[in-house]
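Novice:
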Amino acid sequence: MTSQTAILGAGVMGETLLSGLVRAGRRVDQLLVGEKRAERARELEERYGVAVVGNVEAAGKADTVMLVVKPQDMGDVLAEIAPVLRPGQLLVSLAAGITTTFIEGHVPEGVAVVRVMPNTPALVDEGMAAISPGSHCDDHHLAEAEELMASVGKVLRIPERQQDAVTAISGSGPAYLFFVVESMIEAGVHLGLPRSTATDLVVQTVVGSATMLRETGTHPVVLREQVTSPGGTTAAALRELEVHKVRAAFLAAMEAARDRSAQLAAGS
Numbered sequence: 718m719t720s721q722t723a724i725l726g727a728g729v730m731g732e733t734l735l736s737g738l739v740r741a742g743r744r745v746d747q748l749l750v751g752e753k754r755a756e757r758a759r760e761l762e763e764r765y766g767v768a769v770v771g772n773v774e775a776a777g778k779a780d781t782v783m784l785v786v787k788p789q790d791m792g793d794v795l796a797e798i799a800p801v802l803r804p805g806q807l808l809v810s811l812a813a814g815i816t817t818t819f820i821e822g823h824v825p826e827g828v829a830v831v832r833v834m835p836n837t838p839a840l841v842d843e844g845m846a847a848i849s850p851g852s853h854c855d856d857h858h859l860a861e862a863e864e865l866m867a868s869v870g871k872v873l874r875i876p877e878r879q880q881d882a883v884t885a886i887s888g889s890g891p892a893y894l895f896f897v898v899e900s901m902i903e904a905g906v907h908l909g910l911p912r913s914t915a916t917d918l919v920v921q922t923v924v925g926s927a928t929m930l931r932e933t934g935t936h937p938v939v940l941r942e943q944v945t946s947p948g949g950t951t952a953a954a955l956r957e958l959e960v961h962k963v964r965a966a967f968l969a970a971m972e973a974a975r976d977r978s979a980q981l982a983a984g985s
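First residue of the sequence shown: 718, per my numbering; consecutive thereafter.
#1: In the structure shown, what three-state DSSP assignment does V833 receive?
#2: Exposed or buried, what is A915 when buried is set at 16 or more other beta-carbons lying within 10 Å of its beta-carbon?
#3: Taking the alpha carbon of R931 as the point to measure from, which residue in V963, V898, P876, K871 has its own alpha carbon closest?
#4: Measuring CA to CA, which of A892, D790, G805, V794 is closest to T837?
#5: Put T817 into one of helix, strand or coil per three-state DSSP.
#6: Using 8 Å as the threshold, is the C-beta distance between L807 and D780 below it?
#7: Ignoring anything shorter than 3 residues, give me the beta strand (DSSP E) runs that lie fully in the region 748-831, in order along the chain.
#8: M783 and V824 look like a contact to me (Cβ under 8 Å); what is the Cβ gap, rounded to whole Å?
#9: According to DSSP, what are the bridge partners of K871?
#10: Identify the continuous beta strand (DSSP E) that holds I724 and give its terminal residues.
#11: In this structure, does DSSP put P876 in helix, strand or coil?
#12: Inspect the beta-carbon positions of P788 and A758 and report whether they are closer than 8 Å.
#13: Quick check on DSSP: helix, strand or coil for P850?
#14: Taking the alpha carbon of G888 as the point to measure from, which residue in P835, L859, C854, A952 has its own alpha carbon closest?
#15: State the DSSP-derived secondary structure class of D855, mapped to helix, strand or coil.
#16: Hey, how far is the Cα of L940 from the Cα of S849?
#17: What does the alpha-carbon distance come out to for the pair L735 and Q721?
#18: I'd like the span of the alpha helix (DSSP H) that includes P937, first residue to last.
#19: Going by beta-carbon coordinates alone, are V833 and V801 separated by less than 8 Å?
#20: So T733 is in the alpha helix (DSSP H); what residue range does that whole segment cover?
#21: Measuring straight from C-alpha to C-alpha, what distance separates V739 and E972?
#22: Measuring only the C-alpha atoms, how far is T951 from A904?
#23: In this structure, does DSSP put H961 in helix, strand or coil?
#24: Do three or more CB pairs link the region 857-877 to the region 953-969 at distances below 8 Å?
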């Protein structure tokens, strides 16, 4: 029998996964989408040629069910699909702060659960996903979740206790970088550059720097020192960043994100 994967939740991330799986070579007859809004269902059917059905039908037919729903909706969705779930089936949850223990407590005994923390660069196939197994999850289930998420970026396996830290680093991380980019563009305008020029300069600098980090494998301290001539312009700028405790501010920000992630998980 052909293995089927269902995606419940056809928002931005749900469609990102769907399109990534199709581009990665997953046959559309192996994919199901759970979506209640008729207009959205027609849109996805026309765009991808995939069958769009109700959540219960999708969960009942699939071997793997990807839960791409808001954390506050998880309880209701699990209550809806639990009657059709069966032992050995795999649930892959992308809901921030929802633990595998919470999900396992709402589904039949023996259903495997994998928790995923994705991030928004998945939209351009440059995502960073961290996956953690639940108590009924074997290597086969983990490998399946890994393959699904690899369609839109890189995947790491981590213990679930590290998920709050991952949320603070890669889950929320794009926002920190966008904040830095926004600040650098504003500085360029302040220094007399047209906004479009400042934007081009900053965006390409960020892209190029990230590519250097990934392709050279060189430690960021070494790359930074290569740019920093003694007594030069970069050294003057970096001194100001140290004076304003930017390094400490990043640490404090990520600790706050980690703590908030833990609070949300406890509240689930």
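Beta carbons are placed, not taken as given, at the ideal position from N, Cα and C, and that holds for glycine.
Specialist: On the basis of the supplied data:
#1: strand
#2: buried
#3: K871
#4: A892
#5: helix
#6: yes
#7: 748-751, 768-770, 781-784, 807-810
#8: Between V824 and M783 the Cβ distance is about 14 Å, and since that is not below 8 Å, they are no contact.
#9: M845
#10: 722-725
#11: coil
#12: no
#13: strand
#14: P835
#15: coil
#16: 32 Å
#17: 13 Å
#18: 937-944
#19: no
#20: 729-740
#21: 37 Å
#22: 15 Å
#23: coil
#24: no
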